[in-house]
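Peer 1:
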Amino acid sequence: TLLCLLFVFGGAAIFASVEKWDYLEAVYFCIVMLTTVGYGDPSPATKAGKALSCVFGFWGIGLIGSAVGIVGAAMAEALHILSGEHEQKNGTKTVADQERGVKGGWRGLLKLFEAREGASRAEKIIHG
């Protein structure tokens, strides 16, 4: 994600210079382009800006897609572990988490929170 931020803010500096935009307008353009929203305001007017936007878009959309994929995979792995279906280090399936009461979903998150913060704090949050 740090690389994505550097790409956006670095690209904005280049676009601001090439297109004579103020920096905030260039940041806005880069974010709109990389999120594929494409409002069309602003858009590059110079040939150099248009060529740069093609290269920036191809590389940036791939970079953003990779970052989203990495975050999504980490979230899926966390949910998989919480569901109690993860494998032990020796490669066999385990139900040890289920035996301890971690059954995944909100219950699993609650058990993790209770273990970390204490049962009384978790009870207060759930029951008000």
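If you're matching positions, the sequence shown starts at -15 in this note's numbering and goes up one per residue. For glycine and all other residues, C-beta sits at the position ideal for the given N, C-alpha and C. If you're wondering where the values come from, they're calculated on a predicted model, not measured in any experiment.
How big is the Cα-Cα spacing for PRO26 and PHE(-9)?
Peer 2: Position 42 of the sequence shown holds residue 26. Position 7 of the sequence shown holds residue -9. The straight-line gap from Cα to Cα measures roughly 19 Å.
Peer 1: Which runs of the alpha helix (DSSP H) at least 4 residues long sit entirely within the stretch 3 to 82? Give them in chain order.
Peer 2: The stretch 3 to 82 contains these whole alpha helix (DSSP H) runs: 7 to 18, 31 to 66.
Peer 1: Give the C-beta separation of LEU18 and ILE48 to the nearest angstrom, bearing in mind that I take them to be a contact with Cβ-Cβ under 8 Å.
Peer 2: Here residue 18 is taken as the residue at index 34 of the sequence shown, counted from 1. Here residue 48 is taken as the residue at index 64 of the sequence shown, counted from 1. Sure, about 5 Å apart at Cβ, within 8 Å.
Peer 1: Using C-beta distances below 6 Å, list every residue in its chain close to LYS34, excluding the 5 sequence neighbours before and after it, in chain order.
Peer 2: On the sequence shown, position 50 is the one that residue 34 refers to. Once the five neighbours on either side are set aside, the close Cβ partners of LYS34 are PRO28.
Peer 1: Should PHE(-7) go down as buried or exposed, given a rule of 16 or more other Cβ atoms within 10 Å for buried?
Peer 2: Here the question's residue -7 lines up with position 9 in the sequence shown. Looking at its Cβ environment, which holds fewer than 16 other Cβ atoms inside 10 Å, PHE(-7) is exposed.
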